[in-house]
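Structure record follows, encoded as structure tokens.
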Amino acid sequence: MNLHTLKYTFLSFCALSLVVACSDDDNGTDIVQASCSDGIMNGTETAVDCGGASCQPCENGGDPDPMEPVALDFTGTYSQVDFMGRPGINTVLNGDDESKDAHNVSIPSEGVANFQAGFEARLVGLHDAYGAVYENNILGLDAATLTTVLAADVLEVSPNLPTTYFNPGEDNDGDDNPLTLDGDEIAFTGRALGDDVIDVSLILLFGGENGIRFSGQDTNADGEADLPRLTSDGVAITATPTDTFPYLGAPE
Amino acid sequence: MRKTKLLMGLGILAIVGVVLVAADHIDAPGTTSNSADIADFYAFEPSADSPNTVLIVDLQTNVLPDLAYGTFDEDVLTEINIDTNNDLIEDMVIQALPRGDTMYFFGPAAPTATGITGEVLVDSPLGSVAISDTEAITTTTDDGVSLFAGPRQDAFYFDFTQFNKVLEGPATAPLGFNIGDDAVDTFDGANTMSLVIEIPNEMLGATTGVNPLGVEGVYKMWVTTNRKQ
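Going line by line, the protein sequences match chains A and B.
Numbering follows numbering that gives the first Met the number 0, in which position 164 of the first sequence is assigned residue number 163; successive positions increment by one, without gaps.
Numbering follows numbering that gives the first Met the number 0, in which position 19 of the second sequence is assigned residue number 18; successive positions increment by one, without gaps.
Listed below in structure tokens is the structure:
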């Protein structure tokens with residue numbers, strides 16, 4: 000049942016019951032109020048045309064048909080307690096509990112002012128831990144610019160382009176590195192269920208200009224990796240999304 | 000085996016305090032064990048050249064034991080914020096709020112106020128759907144909007160245990176992330192409480208937003224949960 004149906008079903012119910020309940024009070028004053036049947040919540044009503052001092056209560060307990068629809072209470076002020084745009088931003092780039100909690104009650108338009116400096120320090124610090132210095136990434140962004148982009152924590156969604164968090168496209172320039180931008184890449188058009196958002200994020204943060212800066216390379220050819228693997232967490236999707244609504248697999 | 004590894008990792012983390020996870024699952028102390036915790040947000044074109052966009056908000060998670068999971072909270076309003084003019088301020092919102100066995104959706108419409116407080120857009124009902132159990136109950140409104148609310152698989156994947164070792168630096172994780180069978184999806188087998196909306200693009204309207212690569216005509220979206228005061 001949609002809300003309109005619900006509303007009007009209740010209106011009919013209320014209008015009928017008002018005749019009995021509201022117009023026959025013992026002080027002789029007719030307390031039938033226009034507000035109890037005007038289809039909007041006003042006066043002291045706690046939902047549309049019910050509740051408060053003048054109208055029928057919103058709950059139907061004790062009425063002949065307990066299944067009779069009741070007006071629903073959607074009133075009140077709601078205050079933000081959690082916030083997310085892109086995946087992993089708060090988890091990865093806010094380094095302390097205070098910042099993580101502050102991020103959840105922040106808004107994107109204030110994100111750069113409130114969080115960019117901390118994000119950049121975190122990015123530099125993560126590189127420091129592995130004895131490295133941040134290099135411009137595959138999008139050509141320096142640390143300040145990348146963290147500025149990420150601090151405005153929103154998901155860009157293009158309604159008319161294929162959805163991808165980041166698709167490097169083909170290696171059209173033949174440099175044997177498909178991550179190097181060559182014009183056919185698509186990025187930031189949304190987030191599909193299968194998108195490897197963690198690997199994309201790691202590549203943008205640690206991959207340097209070719210996206211593979213820290214990928215477990217064996218630089219001295221001794222058969223052992225001597226650079227850490229920081230551009231992929233090594234896992235693929237294990238859930239089983241579908242092609243039909245609601246797209247997410249049944250719970251396990 | 001995967002659970003065992005996770006619990007071993009948690010044993011280590013328990014020493015340092017609150018366990019925090021990603022993408023937005025349990026992302027901060029203030030939302031841990033909280034029915035309003037956002038786990039994830041997806042927005043995508045469901046098929047090539049589709050006239051619709053799919054919006055998915057995952058709330059709560061059972062990836063770790065003893066978390067708030069399994070029931071939508073009637074005091075928690077979920078809101079998808081949509082900026083259509085590139086100023087990072089929401090121009091319209093889509094809201095979801097449960098009552099009884101039903102999830103009610105509102106919008107897309109301008110919010111009563113921008114920022115961190117708001118009210119339910121009772122004058123802009125979008126539709127409602129019975130909250131599912133294991134079997135998916137869906138509905139499609141006269142406007143062509145499909146709706147779902149209920150438990151679903153968590154589609155997120157991440158070796159969160161190794162990530163925390165990487166954060167500790169090369170002394171703990173000299174080679175960074177794992178590969179092959181040593182790399183484990185922490186979220187394998189986890190569920191979330193999901194809200195799924197498939198909406199015709201025409202109901203979202205035009206946008207002048209631009210993405211970081213200069214692509215025009217993008218919405219800037221984010222999701223919030225909001226607790227009744």
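Glycine residues also receive a C-beta, built at the ideal position from the N, C-alpha and C atoms.
Buried or exposed: where does glutamine 94 (chain B) fall if 16 or more other Cβ atoms within 10 Å of its Cβ makes it buried? As a first step, residue 94 (chain B) is located in the second sequence; it is residue number 95 there, counting from the start. Classification of glutamine 94 (chain B): buried, given that the 10 Å Cβ count is 16 or more.
With DSSP collapsed to three states, give me the class of arginine 226 (chain B). In the second sequence, residue 226 (chain B) corresponds to position 227, counting from 1. If DSSP states are grouped into helix, strand and coil, arginine 226 (chain B) belongs with the strands.
Can you grab the Cα-Cα spacing for the pair proline 158 (chain A) / tyrosine 103 (chain B), in whole Å? Mapped onto the first sequence, residue 158 (chain A) falls at position 159. Mapped onto the second sequence, residue 103 (chain B) falls at position 104. Between proline 158 (chain A) and tyrosine 103 (chain B), the C-alpha separation is close to 24 angstroms.
Using only the alpha-carbon positions, how far apart do valine 209 (chain B) and tyrosine 246 (chain A) sit? Reading the second sequence from its first residue, position 210 is the one you call residue 209 (chain B). Reading the first sequence from its first residue, position 247 is the one you call residue 246 (chain A). Approximately 27 angstroms, taken between the alpha carbons.
Counting only Cβ pairs nearer than 9 angstroms, list the residues of chain A close to methionine 220 (chain B). In the second sequence, counting from the first residue as 1, residue 220 (chain B) sits at position 221. Under the 9 angstroms cutoff, chain A gives Gly84, Val153, Leu154, Glu155, Val156, Gly189.
Identity of the residues DSSP links to glutamine 161 (chain B) by a beta bridge: Numbered from its first residue, the second sequence carries residue 161 (chain B) at position 162. None, per the DSSP bridge assignment.
Any idea if glutamate 167 (chain B) is buried or exposed, counting beta-carbon neighbours within 10 angstroms, 16 or more meaning buried? Sequence index remark: in the second sequence, residue 167 (chain B) carries index 168 (1-based). When all chains shown are included, glutamate 167 (chain B) counts as exposed.
Which residues in the same chain as isoleucine 130 (chain B) place their Cβ atom closer than 7 angstroms to its Cβ, once the five residues preceding and following it in sequence are excluded? Taking the first residue of the second sequence as 1, we reach residue 130 (chain B) at position 131. Once the five neighbours on either side are set aside, the close Cβ partners of isoleucine 130 (chain B) are Phe71, Pro97, Asp100, Thr101, Met102, Ala148, Gly149.
Taking 7 angstroms as the CB-CB limit, is leucine 255 (chain A) close to chain B? Beyond the ends of chain A as shown, which are 0 and 251, falls residue 255 (chain A); an answer cannot be given.
Does methionine 202 (chain B) come out as helix, strand or coil in the three-state DSSP assignment? Taking the first residue of the second sequence as position 1, residue 202 (chain B) is located at position 203. In the structure shown, methionine 202 (chain B) sits in a helix (DSSP, three-state: H, G or I).
Rounded to a whole number of angstroms, what is the C-alpha to C-alpha distance between isoleucine 196 (chain B) and threonine 218 (chain A)? In the second sequence, counting from the first residue as 1, residue 196 (chain B) sits at position 197. In the first sequence, counting from the first residue as 1, residue 218 (chain A) sits at position 219. When rounded, the separation of the alpha-carbon atoms in isoleucine 196 (chain B) and threonine 218 (chain A) is 49 angstroms.
I want to see whether chain B comes within less than 7 angstroms of alanine 143 (chain A), judged by CB atoms only; does it? Looking up residue 143 (chain A) in the first sequence gives position 144. Not an interface residue.
Span of the beta strand (DSSP E), counted from its first residue to its last, around threonine 77 (chain B): Position 78 of the second sequence, counted from the start, is the residue given in the question as residue 77 (chain B). Note, threonine 77 (chain B): beta strand (DSSP E), 75-82.
Taking 7 angstroms as the CB-CB limit, is tyrosine 68 (chain B) close to chain A? Against the second sequence, residue 68 (chain B) aligns to sequence position 69. Judged by the 7 angstroms Cβ criterion, tyrosine 68 (chain B) is not in contact with chain A.
Can you check whether the C-beta of threonine 77 (chain B) is within less than 7 angstroms of a C-beta belonging to chain A? Translated into positions along the second sequence, residue 77 (chain B) becomes position 78. Not an interface residue.
Out of A:Pro177, A:Asp183, A:Ala186, state which residue places its alpha-carbon closest to the alpha-carbon of isoleucine 211 (chain A). Within the first sequence, numbered from 1, the residue matching residue 211 (chain A) stands at position 212. For isoleucine 211 (chain A), the nearest C-alpha among the options comes from A:Pro177.
Where does phenylalanine 155 (chain B) sit, in a helix, a strand or coil, going by DSSP? Mapped onto the second sequence, residue 155 (chain B) falls at position 156. In the structure shown, phenylalanine 155 (chain B) sits in coil (DSSP, three-state: anything other than H, G, I, E or B).
Reduced DSSP category for glycine 216 (chain B) - H, G, I as helix; E, B as strand; rest coil: The residue labelled residue 216 (chain B) in the question sits at position 217 within the second sequence. Here glycine 216 (chain B) sits in coil by DSSP.
Using a cut-off of 9 angstroms between C-beta atoms, extract the partners of proline 167 (chain A) located in chain B. Counted from its first residue, the first sequence places residue 167 (chain A) at position 168. What proline 167 (chain A) touches in chain B: nothing, since even the nearest Cβ is about 12 angstroms away.
Taking the beta strand (DSSP E) that isoleucine 197 (chain A) falls in, what are its first and last residues? Your numbering for residue 197 (chain A) matches position 198 in the first sequence. Per DSSP, isoleucine 197 (chain A) lies in no beta strand (DSSP E); the unbroken alpha helix (DSSP H) holding it starts and ends at 196-205.
Where do the ends of the beta strand (DSSP E) carrying glutamine 115 (chain A) lie? Along the first sequence, one-based indexing puts residue 115 (chain A) at 116. It is not in any beta strand (DSSP E) - glutamine 115 (chain A) instead sits in the alpha helix (DSSP H) that spans 110-128.
Buried or exposed by the 16-neighbour rule on C-beta atoms within 10 Å, applied to glycine 87 (chain A): Taking the first residue of the first sequence as position 1, residue 87 (chain A) is located at position 88. Buried.
Mind listing, in chain order, the continuous beta strand (DSSP E) runs of no fewer than 3 residues lying wholly within the region 20-46 of chain B? 37-43
In the DSSP assignment, the alpha helix (DSSP H) including asparagine 89 (chain A) goes from what residue to what residue? In the first sequence, residue 89 (chain A) corresponds to position 90, counting from 1. Per DSSP, asparagine 89 (chain A) belongs to the alpha helix (DSSP H) from 88-92.
List the whole-angstrom C-beta distance separating leucine 192 (chain A) from proline 240 (chain A), where the pair is believed to meet the contact cut-off of C-beta under 8 angstroms. The sequence position of residue 192 (chain A) within the first sequence is 193, counting from 1. The sequence position of residue 240 (chain A) within the first sequence is 241, counting from 1. Sure, about 4 angstroms apart at Cβ, within 8 angstroms.
Under three-state DSSP, which class holds leucine 54 (chain B)? Stepping through the second sequence from its first residue, residue 54 (chain B) is reached at position 55. Looking at leucine 54 (chain B) - three-state DSSP - the assignment turns out to be strand.
Inter-residue Cα distance where the pair is leucine 122 (chain A) and alanine 142 (chain A): The residue you call residue 122 (chain A) lines up with position 123 of the first sequence. The residue you call residue 142 (chain A) lines up with position 143 of the first sequence. Each residue's Cα considered, the two are about 7 angstroms apart.
Quick one: measure Cβ to Cβ for aspartate 74 (chain B) and isoleucine 81 (chain B), integer angstroms, because I've assumed they're closer than 8 angstroms. As a first step, residue 74 (chain B) is located in the second sequence; it is residue number 75 there, counting from the start. As a first step, residue 81 (chain B) is located in the second sequence; it is residue number 82 there, counting from the start. Rounded, the Cβ-Cβ distance is 24 angstroms, inconsistent with contact.
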